[in-house]
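Asks: Top line first, the protein sequences correspond to chains D and S.
With the numbering used here, the residue at position 420 of the first sequence is 420, and numbering never jumps.
With the numbering used here, the residue at position 20 of the second sequence is 20, and numbering never jumps.
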Amino acid sequence: MSLIRSTAAELAAKIHGGEVSAVEVAQAHLDRISSVDKGVNAFLHVDTDGALAAAKKVDDDVAAGRPVASPLAGVPLALKDVLVAEGMPTTCGSKILEGWHSPYDSTVTRRLREAGVVILGKTNMDEFAMGSSTENSAYGPTHNPWDLDRIPGGSGGGSSAALAAFEAPLAIGTDTGGSIRQPGSVTGTVGVKPTYGSVSRYGLVAFSSSLDQAGPCARTVLDAALLHEVIAGYDNMDSTSIDAPVPPVVAAAREGASGDLSGVRVGVVSQFSGEGYQPGVLASFEAAVEQLRQLGAEVVQVSCPSFDYAMPAYYLIAPSEASSNLARFDAMRYGLRVGDDGTHGAEEVMALTRDAGFGAEVKRRIMIGTYALSSGYYDAYYGSAQKVRTLIARDFDAAFATVDVLVSPTTPTTAFKIGERVDDPMAMYKADLCTIPSNLAGNAAMSVPSGLSADDGLPVGLQIMAPALQDHRMYRVAAAYEVARDAAQGGPLIQRVPQLEGI
Amino acid sequence: MPSISRDEVAHLARLARLAVTDDELDLFAGQLDVILQSVSAVGDIATADIPPTSHAVPLTNVFREDVVRPSLGQAKTLAGAPAAEDGRFRVPRILGEEA
């Protein structure tokens, strides 16, 4: 198997065993980016020198017989451009931060560097992570490697496309309403939103602070678990960081791979079906549930009635927090400044800069948030949304009292065409229908590919949800399912991505 | 059901310091109305007896030890500034605007 088509675990074993150098592995991925990214547009910035220097350090350790820094030392990774990293630009997909370099590393970046993970560059995203298609990037959309006319999901479409295009074996995403899981679903890759508070938000440019959570993206469940253990853990620089041990996700992924799920109780969320769901998505989901049953799991239907109100609650809470968080882009301390010609005062410069620097979706959400938080409307909108959040958490609590994990399709449809929903915000928002509840309640959730839709031959994702700090439960189920799926479908789904050479 | 006028959108844009154009106002007025109509569904189930949740993980009073730590320093802090002068952020005038 070529270097770029290997898993992260395979690459790590080869690098640590001296069979291949980390520099060769990094170079193979940099070459791949050079040859295909013009058509995919997954990367906003490629850090060739930094990647090769980080790889060289791992090779030096191996050559000197020193222990490697972590099980993923030397493995390349694509970092979503919402996490700051010294020596690289951070744009968040926005014109307002074009050319800005952070003076410090995010905790996730620091942990990756300390683990010897080779950061190839920064990936494209919907502006400030607001979107489900990566079309809201100020730097052009990312294209889905399965069909370049289609979206790679969002907001982390750069990270998911980089994986599916074999430009990187690992990536980091952030998930506020589904921005890791939905891109994973539509690109046939694995995306994990860990329990809220388990991966530090320090240096993650804030969109909606009570919902934002960084997590691992990969092409296999085990690779995601290995990355999860590198980035997760308590951090006193994040006041919402959970001071508890990281759940044993790698051990769970290995246990799951043995293919036995007897004794595991799986709940199918009855709300996530029916109108708006493509037949091919539902068929793939039902086949996946049948496979879980064959692996020994006990499957029951579970009703979570308040999940129907998750999307409206989310589109009040997230914009409200965003309107406050994005107030920091005031043209004074960093980023773009427009109209500073001596005739405009500070407030005018602020307003001109924000109008020029923010895209349409960001403006819409700032205004929705401003509206929802204004005194006359607070109770009806933001206050009610917070109550719905309580009801959703109660539905999860009741469900997890009877089942170990919940499952649903990750998103109601396969990848839609670029441009198809861009003028219809409500249609775009529906992509996050199934993923939002876990952000509102803070529990763990992930997407694992379940096959290709019979409708259009595009990837479908199976969402697995677990209680807070029980992330290992979903990894076990996902790993068992992955083995069964590959056996049933004649090999890993991801190897069926069309060739991209020659773009 | 909510209905948001073009004037209200202009007011929101002013509050949010967004110097939106007339064309943007026309576009946003229609879109915000549709979005607000949809999200107002939260009122259907949010009864008075339900407590609000602001964070998934209830944490209060998280403190770090009160010790001196290295900071970024002046050069790094100003490196990303849109304009700097004499080692400080240079900003447009803040006085002389309408209230």
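For every residue, glycine included, the Cβ atom is placed at its ideal position computed from N, Cα and C.
For clarity, every value in this text was computed on a predicted model and none was experimentally measured.
1. What would DSSP say about Val68/D, mapped onto helix, strand or coil?
2. Under a CB-based cut-off of 9 Å, is Ser3/S close to chain D?
3. Cα separation between Pro89/D and Glu98/D?
4. With three or more beta-carbon pairs closer than 8 Å as the criterion, would you say the stretch 141-149 of chain D touches the stretch 103-115 of chain D?
5. Output yes or no for whether 9 Å exceeds the beta carbon distance between Ser179/D and Ile151/D.
6. Reducing DSSP to helix, strand and coil, say where Ile503/D ends up.
7. Quick one: grab the DSSP three-state call for Ala9/D.
8. Whole angstroms is fine: what's the gap from Ala415/D's alpha carbon to Leu458/D's?
9. From the DSSP output, read off the bridge partner residues of Phe43/D.
10. At least one CB of chain D closer than 9 Å to the CB of Gly87/S: is that the case?
11. Is Ile172/D closer than 9 Å to Leu44/D when the C-beta atoms are compared?
12. Assign Pro92/S to one of three DSSP states: helix, strand, or coil.
13. Between the stretch 8-28 of chain S and chain D, which residues of the former have CB atoms less than 9 Å from a CB of the latter, in chain order?
14. Mind pulling the chain D residues with CB within less than 8 Å of Arg93/S?
15. Mind pulling the alpha helix (DSSP H) runs of 4 or more residues that sit fully within the stretch 156-193 of chain D?
16. Mind checking if Asp330/D is an interface residue toward chain S, Cβ cutoff 9 Å exclusive?
17. Against Gln386/D, what residues of chain S qualify as contacts under a CB-to-CB distance less than 7 Å, listed in chain order?
18. Quick one: Cα of Ala318/D to Cα of Glu24/D, how far?
19. Assign Ile96/D to one of three DSSP states: helix, strand, or coil.
20. Residues in the same chain with beta-carbon distance under 7 Å from Ala283/D, minus the five sequence neighbours each way, listed in chain order, please.
21. Check whether the Cβ atoms of Ile464/D and Ala441/D sit closer than 9 Å, and answer yes or no.
22. Does any residue of chain D have a CB that is nearer than 9 Å to the CB of Asp44/S?
23. Cα separation between Lys417/D and Arg93/S?
24. Tell me the DSSP secondary structure of Ser34/D in three-state form.
25. Would you grab the beta carbon distance between Thr411/D and Gln271/D for me? Rounded to a whole angstrom, and I think it's under 8 Å.
26. Closer than 7 Å between beta carbons: that is the criterion. Which residues of the stretch 214-248 of chain D meet it against chain S?
27. Terminal residues of the continuous beta strand (DSSP E) containing Arg265/D?
28. Taking only the alpha-carbon atoms, compute the straight-line gap between Ala326/D and Ala85/D and give it to the nearest angstrom.
29. Determine which residues of the stretch 361-373 of chain D have a Cβ less than 7 Å from any Cβ of chain S, and write them out in chain order.
30. By the three-class DSSP mapping on this structure, what secondary structure does Arg150/D have?
31. Decide if Met237/D is buried, meaning its Cβ has at least 16 other Cβ atoms within 10 Å, or exposed.
32. Could you give the distance in angstroms between the alpha-carbon of Val299/D and the alpha-carbon of Thr402/D?
33. Which ranges would you report for the alpha helix (DSSP H) in the stretch 296-378 of chain D if only whole runs of at least 4 residues count?
34. Determine the DSSP secondary structure at Val23/D, reduced to helix, strand or coil.
35. Could you work out which residues of chain S lie near Asp126/D, taking near to mean beta carbons separated by less than 9 Å?
36. Does Arg337/D get closer than 9 Å to chain S when you measure Cβ to Cβ?
Replies: Taking the coordinates as given:
1. If DSSP states are grouped into helix, strand and coil, Val68/D belongs with coil.
2. No - not a single Cβ of chain D is within 9 Å of the one on Ser3/S.
3. Straight-line Cα distance between these residues: approximately 8 Å.
4. The stretch 141-149 of chain D vs the stretch 103-115 of chain D: no contact.
5. Cβ distance not < 9 Å, so Ser179/D and Ile151/D don't count as in contact.
6. Low confidence applies here, because Ile503/D scores a pLDDT of 49, under 50, leaving its location unreliable; read the following figure in that light. In this structure, Ile503/D counts as coil in the three-state DSSP scheme.
7. If DSSP states are grouped into helix, strand and coil, Ala9/D belongs with the helices.
8. When only Cα atoms are considered, Ala415/D and Leu458/D end up about 7 Å apart.
9. Paired residues: Thr123/D.
10. By this cut-off, Gly87/S is not an interface position.
11. No, the pair does not count as a contact, with Cβ atoms beyond the cut-off.
12. Here Pro92/S sits in coil by DSSP.
13. Answer set for the stretch 8-28 of chain S: Glu8, Val9, Leu12, Ala13, Arg14, Leu15, Ala16, Arg17, Leu18, Ala19, Val20, Thr21, Glu24, Leu27 and Phe28.
14. Within chain D, Gly345 and Ala346 have C-beta atoms less than 8 Å from the C-beta of Arg93/S, given in sequence order.
15. As far as the stretch 156-193 of chain D is concerned, its whole alpha helix (DSSP H) runs of at least 4 residues are 157-164 and 181-187.
16. At least one C-beta of chain S is nearer than 9 Å to the C-beta of Asp330/D.
17. Within chain S, the residues near Gln386/D are Pro52, Thr53 and Ser54.
18. Whole-angstrom Cα-Cα distance: 42 Å.
19. Three-state DSSP puts Ile96/D in a helix.
20. For Ala283/D, where only same-chain residues beyond five positions count, the Cβ hits under 7 Å are Ala454.
21. Not a contact, by the Cβ cut-off of 9 Å.
22. Any Cβ of chain D closer than 9 Å to the Cβ of Asp44/S would place that residue at the interface, and such an atom is present.
23. When rounded, the separation of the alpha-carbon atoms in Lys417/D and Arg93/S is 47 Å.
24. Three-state DSSP puts Ser34/D in a helix.
25. The beta-carbon distance between Thr411/D and Gln271/D, rounded to whole angstroms, is 14 Å. This is too long to meet the 8 Å contact definition.
26. Listed by position along the chain: Asn236, Ser239, Thr240 and Ile242.
27. From DSSP, the beta strand (DSSP E) with Arg265/D extends over Arg265 to Val269.
28. A small correction: the amino acid at residue 326/D is Leu; Ala does not occupy that position in the sequence shown. Cα to Cα, Leu326/D sits roughly 20 Å from Ala85/D.
29. Answer in chain order: Lys363, Arg364, Ile366, Met367, Ile368, Thr370 and Tyr371.
30. Reduced to three states, the DSSP call for Arg150/D is strand.
31. Classification of Met237/D: exposed, given that the 10 Å Cβ count is below 16.
32. Rounded to whole angstroms, Val299/D to Thr402/D spans 11 Å at the Cα level.
33. Within the stretch 296-378 of chain D, the alpha helix (DSSP H) runs of at least 4 residues that lie entirely inside it are, in chain order, 310-325, 346-357 and 360-373.
34. In this structure, Val23/D counts as helix in the three-state DSSP scheme.
35. In chain order: nothing, as chain S lies at least about 16 Å away.
36. For Arg337/D, the nearest beta carbon of chain S is closer than 9 Å to its own beta carbon.
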